[in-house]
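Below: the structure, in structure tokens.
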Amino acid sequence: MRATVIGGVNIDLVGTADAPMRRGDSNPGRLRVSVGGVGRNIAENLALLGAEVELMTALGDDDWADLIRANCLSRGIGLRCARQLRRAACGAYLCLNEPDGDLYAAVADMQVCAGLSPQWILRHLDALQEADLIVVDANIPEESCACIAEQLRGKRIAADPVSAAKAGRLRPLLGALSLLKPNRAEAEALTGEGEPRAAAARLRQMGVENVFLTLGGEGVWWDAPEGSGLQSCLTGQIVNTSGCGDAFLAAACLALCRGLPAETAARAGQAAAGLCAASPDPVNPGMTWPRVLEAAGLAREL
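So for the sequence shown, the working numbering puts the first residue at 111; every next one is plus one.
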């Protein structure tokens, strides 16, 4: 399967406190620096799950650019459609985690993604047409989402809203989506509905084929043409929750691309999220499709 991901890549600076976070104070803990970003993490997960992946992203020309490029290529992520902007900084994500790995707060500087303009997308339209799956993250401009919806009709397109603040950028694309993975806040930002079932139903009315509304520790509410339901989290060790949603989306996409029903895709996604949570990194390097099926209890069924 060939996939193209359109979205962000950045340097992750992750601090995890040794004790519950205290606001306005210096909190002892551990710091990690790695290459991440919603689009890039989804791309790496797809590559680990067996897809041939290209990442259409934007890089700056600062000291991080070469590190990001080398990291992506070493993970099997192609960069033929990537754009490097002069006199620009690469994306950066700074987050603070509680001792259990749960997010306390974060700041994302993804201004460089404005470079993923409609003109850049049109320049690479032939490459996008060749993909079996296109994944969009909402770091890209709203007008670029509109361009994708207009130019790539009939393609299998999935999207991640990234945050409540950026979710609205996906509105022009909703009617073209095969899959959308919002959390509560993102779904409410798109629909005005605060109750997850109502928000998922509204997103379906707005044209999304399969909705996977993540609910943190409560699981994921899925809503699809064949029905809807709650898929609970799968038990396992939690070291870090950063990147779990990216792993979920990649596995759910692959399941749907293989013709599996949405309920099974939700279970596969939760299994991938669990494997991610067991790793200190935003992407578990041991992620594979057989491991996802095993963790989901699907290995004997599929």
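Beta carbons are placed, not taken as given, at the ideal position from N, Cα and C, and that holds for glycine.
Please state whether DSSP places E164 in a helix, a strand or coil.
strand
For a test of your reading of the model: does the CB of A216 fall under 7 Å from any non-hydrogen atom of the ligand MG? Yes or no.
This structure does not include the ligand MG; it has no bound ligands of any sort.
Within a Cβ cutoff of 7 Å, which residues of the same chain sit near K276, ignoring the five residues on either side of it in sequence?
A248 and N249
Can you find at least 3 beta carbon pairs, one from the stretch 280-297 and one from the stretch 249-259, that sit closer than 8 Å?
yes
Can you find the residues in the same chain that come closer than 6 Å, C-beta to C-beta, to A215, ignoring five residues on each side of it along the sequence?
L206
Residues in its own chain within less than 6 Å of E296 by CB, not counting five upstream and five downstream?
Counting only Cβ-Cβ distances below 6 Å, and skipping sequence neighbours, we find P271, A274 and A277.
Could you pull out every residue in the same chain whose Cβ sits closer than 7 Å to the Cβ of A309, ignoring the five residues on either side in sequence?
Around A309: A297, E298, T301, E303 and L323.
Leaving out the 5 sequence neighbours to the left and right, which residues in its chain are closer than 7 Å to L325 when beta-carbon positions are compared?
R294, P306 and W331
Who pairs with G278 in a beta bridge, going by DSSP?
For G278, DSSP assigns no beta-bridge partner whatsoever.
Under the rule that 16 or more other beta-carbon atoms within 10 Å means buried, what is P392, buried or exposed?
buried
Taking its Cβ as the centre, do 16 or more other Cβ atoms sit within 10 Å of A129, making it buried, or is it exposed?
exposed
Quick check: the Cα distance between I348 and A382, rounded to an integer number of angstroms?
13 Å
Short check: CB of V163 to CB of G146, under 8 Å?
no
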